[in-house]
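Engineer: Residue numbering for the sequence shown is 1 to 107, as defined by the numbering used here.
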Amino acid sequence: MKLMLAIVNNDDAHTVNSALNKSGFSATKIASTGGFLMNGNSTFIIGVKDEDVEVAIEIIRKYSKKRVQPVPVDMSYNIAALGSYPVEVTVGGATIFLLNVERYERV
Ligand code: 2BA
1 MKLMLAIVNN DDAHTVNSAL NKSGFSATKI ASTGGFLMNG NSTFIIGVKD EDVEVAIEII
61 RKYSKKRVQP VPVDMSYNIA ALGSYPVEVT VGGATIFLLN VERYERV
């Protein structure tokens, strides 16, 4: 079994959640915040059988779109610091981490 952590844009989270549920995956959705843009996103915790990992990734890939988003400029930066600061960044589709599960119990 694997533990999947999938960070998904809030705008895609509902669709991703529905598609995972329809395909029989159990998922927990946590409200999270990106450390760079400080925008809200959603982190899914999904326990997945080894043989279903690719199916889950494909579902998340299908419903997670790429978006170009402006980087909010902190006006306290000086002009020199802004020189190397990106004006906009491409966010997504989704960022996925896959971990081995040592033990899984439902008691
Ligand atoms: P944020 O940290 O808010 O990052 C939003 C987007 O900003 C990133 O999109 C990336 O394009 C850009 N970005 C992030 N850090 C940057 C930096 N230090 N310099 C320049 N640009 C930077 P994604 O890569 O698609 O990431 C979307 C969200 O997924 C992230 O939101 C964060 O919440 C999560 N994430 C991505 N990689 C991660 C990682 N290695 N560990 C933990 N969370 C991660």
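Even for Gly, the Cβ is constructed at its ideal location relative to N, Cα and C.
Note that this is a predicted model, so its numbers are computed, not measured.
Should Val107 be listed as close to the ligand 2BA, given that the test is whether its C-beta is under 7 Å from any heavy atom?
Structural biologist: The residue labelled residue 107 in the question sits at position 107 within the sequence shown. Incorrect: Val107 has no Cβ contact closer than 7 Å to the ligand 2BA.
Engineer: Taking buried to mean at least 16 other C-beta atoms within 10 Å of its own C-beta, is Gly93 buried or exposed?
Structural biologist: Counting from 1 along the sequence shown, the entry for residue 93 is found at position 93. Classification for Gly93: buried.
Engineer: Taking the beta carbon of Asp12 as the centre, do at least 16 other beta carbons fall within 10 Å, making it buried, or is it exposed?
Structural biologist: Sequence index remark: in the sequence shown, residue 12 carries index 12 (1-based). Buried, since its Cβ has 16 or more Cβ neighbours within 10 Å.
Engineer: So, with DSSP's three-state summary, where would you put Glu51?
Structural biologist: Reading the sequence shown from its first residue, position 51 is the one you call residue 51. In the structure shown, Glu51 sits in a helix (DSSP, three-state: H, G or I).
Engineer: Just the C-alpha distance for Ile60 and Val73, rounded to the nearest angstrom, thanks.
Structural biologist: Counting from 1 along the sequence shown, the entry for residue 60 is found at position 60. Counting from 1 along the sequence shown, the entry for residue 73 is found at position 73. In a straight line, the C-alpha of Ile60 is about 31 Å away from that of Val73.
Engineer: Which of helix, strand or coil does DSSP assign to Leu37?
Structural biologist: In the sequence shown, the residue the question calls residue 37 occupies position 37. Three-state DSSP puts Leu37 in coil, outside helix and strand.
Engineer: Whole angstroms is fine: what's the gap from Phe44's alpha carbon to Val87's?
Structural biologist: Start at 1 with the first residue of the sequence shown, and residue 44 comes out as number 44. Start at 1 with the first residue of the sequence shown, and residue 87 comes out as number 87. Taking the straight line joining both Cα atoms gives about 29 Å.
Engineer: Using only the alpha-carbon positions, how far apart do Thr28 and Tyr85 sit?
Structural biologist: Position 28 of the sequence shown, counted from the start, is the residue given in the question as residue 28. Position 85 of the sequence shown, counted from the start, is the residue given in the question as residue 85. If you take the alpha carbons of Thr28 and Tyr85, they lie about 35 Å apart.
Engineer: Distance check for Val91 and Asn17, CA to CA, integer angstroms please.
Structural biologist: As a first step, residue 17 must be located in the sequence shown, where it is residue number 17. As a first step, residue 91 must be located in the sequence shown, where it is residue number 91. If I take the Cα positions, the gap works out to 19 Å.
Engineer: Is Pro70 close to the ligand 2BA? I mean its beta-carbon at under 7 Å from any heavy atom of the ligand.
Structural biologist: As a first step, residue 70 is located in the sequence shown; it is residue number 70 there, counting from the start. Pro70 Cβ: outside cutoff for every heavy atom of the ligand 2BA.
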